[in-house]
């Protein structure tokens, strides 16, 4: 049995624990906020309902102590959100041991790069693998603090390693934990399939009045009108162009929806409605942002769109639509997001052209 330490007991971490426990992994769950852990600790794990049956996902350690959680773990899954990943790396640096695998769920864009750089800066000398997943792997209902009801598991999830030439060893360990996942050649594939950056920010910017008024709306079914769908297509065309320049083939947004969920409407806005209204629609549970410090902006601008733009600059690919969405989000939120922005320097790629970036992501830093 693989021993997995899950860092972060928010929705993503709890869903991950539900899935991996049912598969038979030995689990630890760590969060600095003990209020997120108390009920799970008392229950000893999570009840997972599927197909009219309930399984139990046991968690052997539920703790606020990072050292206790990761000691002896084979895999350390980071589910904290992108803006916290560097801080987690600094906390882990003195605790890691040779042979452990770190998996960012998700890496957003450039996550493995900033995590590696933070470990190095903090003096970590352990020989560990760093991997990232392109998206959160599941959509679920959380019926209570300890009861999870899955909606859908995403198909075609990608896992990439940094550097890319470590993917065979990494995927041999991680693949059995994620049966729907595939190995990706480099983190360009995962970083440029960051659905949060593709979908969240443009929707919020286009529905700014509703957010300011605190109106609840169906984020995709009502938020993605035909005009918003055109904005989606503009930023996603640039995303595909930058990824191509960096040597990765990534699908269009329409193709990604069909591959991941098996849903494709006559138009992009119709697809978003179906993804919300279908009985197995993964976006049934998607909440509505109530303020401009929501993660759909405060996370997905600095660790999603901004590194896409930065990598576009390195690749010599203009990104006017992405630039415009970033500027609007900065103005609406009243923040430049500089504290968390993933620049080329922050990712360790400063001064590199497209060819140098590709070589670094495949072969590692020299």
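In this note's numbering, the protein residues as written are -3 to 362.
Cβ coordinates follow ideal geometry from the N, Cα and C atoms, glycine included.
Counting only the Cα atoms, residue 264 lies some 22 Å from residue 240. Around the Cβ of residue 272, a 10 Å sphere holds 16 or more other Cβ atoms; the residue is buried.
For the set 335, 294, 69 and 85, the Cα lying nearest the Cα of residue 198 is the one of 294. Looking only at 31, 44, 170 and 106, the smallest Cα-Cα distance to residue 97 is reached by 170. Two segments are said to touch when three or more pairs of C-beta atoms, one from each, lie closer than 8 Å; by this definition the segment 70 to 86 does not touch the segment 39 to 47. When the Cα atoms are used, residue 167 and residue 208 turn out to be separated by approximately 44 Å. Proximity to residue 71 across 177, 300, 2 and 204 peaks at 2, based on C-alpha coordinates. Beta-carbon to beta-carbon, residue 304 and residue 333 are separated by about 14 Å, too far to satisfy the 8 Å threshold. The residues 62, 63 and 66, in chain order, have a CB closer than 7 Å to that of residue 91 in the same chain once the five nearest residues on each side in sequence are set aside.
Under the criterion of beta carbons closer than 8 Å, residue 213 and residue 284 qualify as touching, at roughly 6 Å.
In summary, residue 93 is exposed, with fewer than 16 beta-carbon neighbours lying within 10 Å of its beta-carbon over all protein chains present.
Taking the CA atoms as reference points, residue 299 sits about 11 Å from residue 292. Distance check between residue 224 and each of 88, 251 and 268 places 268 closest, using alpha-carbon atoms only.
Only buried fits residue 8, as 16 or more other CB atoms lie within 10 angstroms of its CB. Going by C-alpha positions, residue 148 is about 18 Å away from residue 217.
For residue 304, the enclosing alpha helix (DSSP H) stretches over residues 302 to 311. For residue 313, same chain residues with a beta-carbon under 6 Å away, outside a window of 5 residues either side, are 237, 238 and 241 in chain order. Straight-line spacing of the CA atoms in residue 159 and residue 337 works out to 22 Å.
Here DSSP, grouped into helix, strand and coil, assigns residue 55 to coil.
The beta carbon of residue 37 sits closer than 7 Å to those of 58, all from its chain and outside the five residues before and after it, given in chain order.
Per DSSP, the unbroken alpha helix (DSSP H) holding residue 222 starts and ends at 222 to 241.
Residue range 134 to 140 is occupied by the beta strand (DSSP E) that includes residue 134.
Taking residue 51 as the centre and dropping the five residues before and after it, the same chain places the C-beta of 18 and 44 closer than 6 Å to its C-beta, in chain order.
From the listed residues 175, 321, 257 and 153, the smallest Cα separation to residue 183 is found for 153.
In the structure shown, residue 146 falls within a strand segment according to DSSP collapsed to helix, strand and coil. Judged by pairs of C-beta atoms under 8 Å, the segment 131 to 148 touches the segment 11 to 30, as three or more such pairs exist. With distances taken between CA atoms, residue 125 lies nearest to 163 out of 311, 163 and 151. Residue pairing by DSSP places residue 49 opposite 46 in a beta bridge. Beyond the five residues adjoining it in sequence on each side, residue 106 comes within less than 7 Å, by CB distance, of 187, 303, 338 and 343 in the same chain, given in chain order. Relative to the Cα of residue -1, the nearest Cα in the group 330, 33, 54 and 233 belongs to 54. Around the C-beta of residue 356, 16 or more other C-beta atoms lie within 10 Å, and the residue is accordingly described as buried. As computed with DSSP, residue 1 is found in a beta bridge with 24 and 72. One thing to note: residue 244 has its Cβ within 9 Å of the Cβ of residue 181. When secondary structure is reduced to three states using DSSP, residue 194 falls in the helix class.
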